[in-house]
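Everything in the sequence shown is counted per this note's numbering, starting at 30 for the first residue and increasing by one.
The beta-carbon is built from N, C-alpha and C at its ideal position, and this holds for glycine as well.
Structure first, commentary second.
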Amino acid sequence: MAEDNAGYQLDKCQARLAFERAADTYDEVASLQQEIGQRLIGRLDLIRMQPTRILDLGAGTGFFSKALMQHYRKAHVVALDLALAMLHHTRRRGGWLRKPGCVCADAERLPFADDSFDFVFSNLMLQWCMDPELVFAELRRVLAPGGLLLFTTFGPDTLMELRASWEAVDGYTHVNRFIDMHDIGDALMHTRWAEPVMDAERITVTYRELRTLMRDLKQLGAHNVTAARPRGLTGRQRLRQVTEAYERFRRDGVLPASYEVVYGHAWSPVNKHAAATGAVEVPLPGLQPRPLVPPRD
Ligand SMILES: C[S@@+](CC[C@H](N)C(=O)[O-])C[C@H]1O[C@@H](n2cnc3c(N)ncnc32)[C@H](O)[C@@H]1O
30 MAEDNAGYQL DKCQARLAFE RAADTYDEVA SLQQEIGQRL IGRLDLIRMQ PTRILDLGAG
90 TGFFSKALMQ HYRKAHVVAL DLALAMLHHT RRRGGWLRKP GCVCADAERL PFADDSFDFV
150 FSNLMLQWCM DPELVFAELR RVLAPGGLLL FTTFGPDTLM ELRASWEAVD GYTHVNRFID
210 MHDIGDALMH TRWAEPVMDA ERITVTYREL RTLMRDLKQL GAHNVTAARP RGLTGRQRLR
270 QVTEAYERFR RDGVLPASYE VVYGHAWSPV NKHAAATGAV EVPLPGLQPR PLVPPRD
């Protein structure tokens, strides 16, 4: 993990509570999340596979669980989320071909047997996990050999204007920190995925007023849930100070909010069980007996 993430802790209970509370408003303000997920789904057109068991990890209200079922019409889709209220919305979503499985659990401790899925899709969940290696190790366990992991997460430049503006006001952590793309790639390597590929792009959303950005973040459940967050209500004076500090980013009459979007995919190794036991895989031709030659006198 990058050095400036050292000592940075996410409070998972708070994250879960924030998403429980946000479940009713999430879809109204999740246009960026939907746009990013659509771009991720678009990448499936380049990959030839017909998965039958799909896990949507951190499924939220199930928008992409449904899209995945429409994309792979024969597949069984499981929507997993830490927040139960999100899964209630998934269930209530109309127009399913078949109802998905809904599982309330933590991505770091998956309640599935080894090799349960052949495709794991995850849009914007990973940034809520402190240790991507834990998640990747679990995903590698539940993905069958040759299965695909496809995900997005946010990189460190996400909400950099808001972070800088708060830094000008006080010494608390007000904005969640995000792990660098290279560290995510390293975590994939350490957990022994095949052919990991990562890339990133920047998306800027603009707002007329800072309070609209802050309201959207709250309605998404994307609160500050770091252990070093300030406790208690943010006073009017500090809100005024951060609003003033953010003004230095105003261009062409609007305030930018930057998002560094990280895309990744990797494969579960076809010989993952052999690798786990230390066994050596020998291709069949190497095992074929040599033709017997009668011994000479
Ligand atoms: C930004 S939302 C994305 C939801 C959905 N994938 C989408 O694209 O609309 C992140 C989701 O991840 C879930 N989440 C956060 N931490 C999690 C964890 N450790 N395990 C499982 N889900 C988690 C949250 O409850 C939330 O629903």
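Notebook entry, point to check: What distance in whole Å lies between the Cβ atoms of Phe93 and Ile70, which are believed to be in contact at a cut-off of 8 Å?
Noted result: To locate residue 70, count along the sequence shown from 1; it is residue 41. To locate residue 93, count along the sequence shown from 1; it is residue 64. About 7 Å separates the CB atoms of Ile70 and Phe93; that is less than 8 Å, so the two are in contact.
Notebook entry, point to check: In terms of alpha-carbon separation, which member of Tyr101, Ala166, Asp186 and Gly87 lies closest to Ala112?
Noted result: As a position in the sequence shown, residue 112 is number 83, starting the count at 1. Closest option to Ala112, Cα to Cα, is Gly87.
Next item on the list: Give the straight-line distance between the Cα atoms of Gln248 and Val204, rounded to the nearest whole angstrom.
Entry: Within the sequence shown, the letter at position 219 stands for residue 248. Within the sequence shown, the letter at position 175 stands for residue 204. Gln248 and Val204 have their C-alpha atoms some 15 Å from each other.
Next item on the list: Report the rounded CA-to-CA distance for Gln99 versus His118, giving the unit in angstroms.
Entry: Numbered from its first residue, the sequence shown carries residue 99 at position 70. Numbered from its first residue, the sequence shown carries residue 118 at position 89. About 18 Å.
Next item on the list: Kindly list the residues whose CB is nearer than 7 Å to the CB of Ala59, restricted to its own chain and excluding five residues on each side of it in sequence; keep chain order.
Entry: By 1-based counting over the sequence shown, the position of residue 59 is 30. Excluding positions up to five away in sequence, the list reads Leu249.
Notebook entry, point to check: Going by Cα to Cα distance, which pick from Ser297, Met115 and Gln62 is closest to Val11?
Noted result: The question about residue 11 has no answer, for the chain in this structure spans 30 to 326.
Checklist line | Thr54 versus Arg244: straight-line alpha-carbon distance, rounded | finding: Mapped onto the sequence shown, residue 54 falls at position 25. Mapped onto the sequence shown, residue 244 falls at position 215. So the alpha carbons of these two residues sit roughly 11 Å apart.
Margin query: Going residue by residue through the segment 133-188, where are the continuous beta strand (DSSP E) segments of at least 3 residues, counting only ones entirely within it?
Written below: Counting whole runs of 3 or more residues, the segment 133-188 contains the beta strand (DSSP E) stretches 146-152 and 172-183.
Note to self: Using a 10 Å radius around the Cβ and a threshold of 16 neighbouring Cβ atoms, would you call Met154 buried or exposed?
What the structure shows: Locating residue 154 in the sequence shown gives position 125, counting from the first residue. Met154 sits buried, since 16 or more C-beta atoms from the chains shown fall within 10 Å of its C-beta.
Notebook entry, point to check: By a C-beta neighbour count over all protein chains shown, 10 Å radius and 16 as the cutoff for buried, is Gln62 buried or exposed?
Noted result: For this step, residue 62 is matched to residue 33 along the sequence shown. With a threshold of 16 other beta carbon atoms within 10 Å, Gln62 meets it and is buried.
Margin query: Looking only at its chain, what residues have a beta carbon closer than 8 Å to the beta carbon of Ala142, apart from the 5 residues adjacent to it on each side?
Written below: Counted from its first residue, the sequence shown places residue 142 at position 113. Excluding sequence neighbours, Ala142 sits near Val171.
Notebook entry, point to check: For the candidate residues Arg265, Thr233 and Gln266, whose alpha-carbon lies nearest to that of Val283?
Noted result: Translated into the one-based positions of the sequence shown, residue 283 becomes position 254. It is Thr233 whose Cα lies nearest to the Cα of Val283.
Notebook entry, point to check: Does the separation of the CB atoms of Leu163 and Trp296 fall below 8 Å?
Noted result: Position 134 of the sequence shown, counting from 1, holds the residue named residue 163. Position 267 of the sequence shown, counting from 1, holds the residue named residue 296. A distance of 8 Å or more separates the beta carbons of Leu163 and Trp296.
Next item on the list: With DSSP collapsed to three states, give me the class of Val290.
Entry: Here residue 290 refers to the residue found at position 261 of the sequence shown. Looking at Val290 - three-state DSSP - the assignment turns out to be strand.
Note to self: Counting C-beta neighbours from all protein chains within 10 Å, is the total for Cys378 16 or more, i.e. buried, or is it exposed?
What the structure shows: Nothing about residue 378 can be read from this structure; the chain reaches only from 30 to 326.
Check: Regarding Glu137 and ligand 1, is the C-beta to nearest heavy atom distance less than 7 Å?
Finding: Taking the sequence shown and counting its residues from 1, the one referred to as residue 137 is at position 108. Set against 7 Å, the gap from the CB of Glu137 to the closest heavy atom of ligand 1 is smaller.
Next item on the list: Identify which residue in Pro161, Asp110 and Leu126 has its Cα closest to the Cα of Leu39.
Entry: As a first step, residue 39 is located in the sequence shown; it is residue number 10 there, counting from the start. Closest by alpha carbon: Pro161.
Next item on the list: With Arg120 as the anchor, note down where its alpha helix (DSSP H) starts and where it stops.
Entry: By one-based count along the sequence shown, residue 120 stands at place 91. For Arg120, the enclosing alpha helix (DSSP H) stretches over residues Leu113 to Arg121.
Note to self: For Thr187 and Ser145, what's the separation of their Cα atoms in angstroms?
What the structure shows: Counted from its first residue, the sequence shown places residue 187 at position 158. Counted from its first residue, the sequence shown places residue 145 at position 116. Approximately 33 Å between the Cα atoms of the pair.
Check: To the nearest angstrom, how far is it from the Cα of Asp56 to the Cα of Ala303?
Finding: Here the question's residue 56 lines up with position 27 in the sequence shown. Here the question's residue 303 lines up with position 274 in the sequence shown. It is roughly 43 Å from the alpha-carbon of Asp56 to the alpha-carbon of Ala303.
Margin query: Just to check my reading of the structure: Asp228 and Tyr275 have Cβ atoms closer than 8 Å, yes? What is that Cβ distance to the nearest angstrom?
Written below: If you number the sequence shown from 1, residue 228 lands on position 199. If you number the sequence shown from 1, residue 275 lands on position 246. Rounded to whole angstroms, the Cβ separation of Asp228 and Tyr275 is 29 Å, and the two are not in contact under 8 Å.
Check: Under a Cβ-count criterion, where at least 16 other Cβ atoms within 10 Å of its own Cβ denotes burial, should Thr90 be classed as buried or exposed?
Finding: Position 61 of the sequence shown, counted from the start, is the residue given in the question as residue 90. Label assigned to Thr90: buried.
Item checked: Own chain partners of Arg138 with C-beta closer than 8 Å, once the 5 adjacent residues on each side are dropped -> As a position in the sequence shown, residue 138 is number 109, starting the count at 1. Contacts found: Glu167.
Checklist line | Boundaries of the beta strand (DSSP E) in which Met227 is found, first to last residue | finding: Here residue 227 corresponds to residue number 198 of the sequence shown, with the count starting at 1. Element bounds for Met227: Ala223 to Tyr236.
Item checked: Option nearest Arg102 by Cα separation, candidates Asn152, Ile83 and Glu49 -> Indexing the sequence shown from 1 puts residue 102 at position 73. Taking only the C-alpha atoms, the option nearest Arg102 is Ile83.
Item checked: Own chain, CB closer than 6 Å to Pro129, minus 5 neighbours either side, in chain order -> Locating residue 129 in the sequence shown gives position 100, counting from the first residue. The beta carbon of Pro129 is closer than 6 Å to those of Ser94, Val106 and Ala108 in its chain, skipping five residues each way along the sequence.
Notebook entry, point to check: Given a threshold of 16 other Cβ atoms within 10 Å of its Cβ, counted over all protein chains shown, does Asp85 qualify as buried or as exposed?
Noted result: Here residue 85 corresponds to residue number 56 of the sequence shown, with the count starting at 1. Under the 10 Å beta carbon count, Asp85 is surrounded by 16 or more other beta carbons and is classified as buried.
Notebook entry, point to check: How about Phe146: is its Cβ closer than 7 Å to a heavy atom in ligand 1?
Noted result: Taking the first residue of the sequence shown as position 1, residue 146 is located at position 117. Taking non-hydrogen atoms of ligand 1 into account, the C-beta of Phe146 is found less than 7 Å away from none of them.
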